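Numbering-wise (the numbering used here), the sequence shown opens with residue 419 and increments by one. Down below is the structure, laid out as structure tokens.
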Amino acid sequence: MIEIRGTTTLVGLLGWPTSHSLSPPMQNAGFAALALDWAYVPLPTPPDLLGDAVRGLVAAGFAGANVTIPHKEAVIAFCDEVDSVAARAGSVNTLVIRDDRVLGSSTDGLAVTSQIDAVGRRALVLGTGGASKAVAAGLEGAGAEVVVRGRRDRDWPSSADGFDVLVNATPVKDEVVVAPHSGMQVVDLAYHADGSPTALVSAALALDCHPCVDGLDVLLAQGAASFERWTGDVAPLRAMREALRGGRG
């Protein structure tokens, strides 16, 4: 159990809602593994109060925060500075607070590109939100040709024909919006909290797609990068993974 004392350094999660997120147990397991007097708390934030929430982080002495749906794009307006990756993506998922300044960055793209081979590939990214933009920017930066499709496009749902990589950056878990094909690299940002495969991951595994990266793998990768930006320590991946998967690997 996390004990929060007067000496504890706080980080949090800005989103609406936050009740579904596995980031708090994952990050707190990481802090515990390194015996850090840190704690990660969910901060459910309605969209019209996002600016107040970011200013509150600074006022309350937080070291930073993660940012999730639906705030990844809007939060940029409340950052004092964003790094080149976040600026290119137009999306921020990590805030670091130093000297009362809010520094925005994005680890979403890196969480995908670190687990696949993007060089020279043609990638289809599903979704048009902040995570999709970050992933698309990350893939392009890693050498892929990227096509982004969303629900409002006239040709939605799209087809995976002619693509080497398929990334689902929508919240859809229980239906296959775009069917993968054998030989593809597949990444699903959505996940089930119990670790069971989403519909897309199940379809990809049945076709022996490799790699097939599920949302918990993506969450771990982006969360570890955030952890290291806040603390300056190497993230304890084993402890964080076990917190996500309940010891299932």
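The beta carbon of each residue, even a glycine, is placed where N, CA and C say it ideally should be. Computed from a predicted structure; not experimentally measured.
Open item on the list: With a threshold of 6 Å on Cβ separation, who are the neighbours of Cys-497 within its own chain once the five nearest residues in sequence on each side are excluded?
Closed with: On the sequence shown, residue 497 is found 79 positions in, with the first residue counted as 1. Result list for Cys-497: Val-520 and Gly-522, in chain order.
Open item on the list: Just to confirm, is the Cβ distance from Ala-562 to Pro-598 under 9 Å?
Closed with: Residue mapping note: residue 562 aligns to position 144 of the sequence shown, counting from 1. Residue mapping note: residue 598 aligns to position 180 of the sequence shown, counting from 1. No, they are not a contact pair.
Task: Endpoints, the alpha helix (DSSP H) within which Pro-442 is located - done: Along the sequence shown, one-based indexing puts residue 442 at 24. Pro-442 -> alpha helix (DSSP H) spans 441 to 451.
- [ ] Just grab the DSSP bridge partners of Pro-598 for me.
- [x] Position 180 of the sequence shown, counted from the first residue, corresponds to residue 598. In DSSP, Pro-598 forms no bridge with anything.
- [ ] Figure out for me which residue from Ala-653, Gly-580 and Ala-611 has the closest Cα to the Cα of Val-596.
- [x] The sequence position of residue 596 within the sequence shown is 178, counting from 1. Ranking the options by Cα distance to Val-596, first place goes to Gly-580.
Open item on the list: Under DSSP, the beta strand (DSSP E) around Val-429 begins and ends at which residues?
Closed with: The residue given as residue 429 occupies position 11 in the sequence shown. Element bounds for Val-429: 427 to 433.
Open item on the list: For Ile-534, would you say it is in contact with chain B, using Cβ-to-Cβ distances shorter than 9 Å as the test?
Closed with: Annotation note: the requested chain B is absent from the structure, which comprises a single protein chain.
Open item on the list: Taking 7 Å as the limit between beta carbons, can you name the residues of its chain near Glu-491, skipping five residues before and five after?
Closed with: Sequence index remark: in the sequence shown, residue 491 carries index 73 (1-based). The answer, listed in chain order, is Gly-508, Ser-509 and Gly-548.
Open item on the list: Within 8 Å, do at least three Cβ pairs link the segment 562 to 573 to the segment 476 to 492?
Closed with: no
Task: Distance between Leu-467 and Val-585 (C-alpha atoms, nearest Å) - done: Locating residue 585 in the sequence shown gives position 167, where the first residue counts as 1. Locating residue 467 in the sequence shown gives position 49, where the first residue counts as 1. Using only the alpha carbons, I get a separation of about 31 Å.
TODO: List the endpoints of the continuous alpha helix (DSSP H) containing Asp-606.
DONE: Here residue 606 is taken as the residue at index 188 of the sequence shown, counted from 1. Per DSSP, Asp-606 belongs to no alpha helix (DSSP H); it is in the beta strand (DSSP E), 603 to 606.
Task: Bridge-paired residues (DSSP) for Leu-544 - done: Translated into the one-based positions of the sequence shown, residue 544 becomes position 126. Paired residue(s): Arg-567 and Asn-586.
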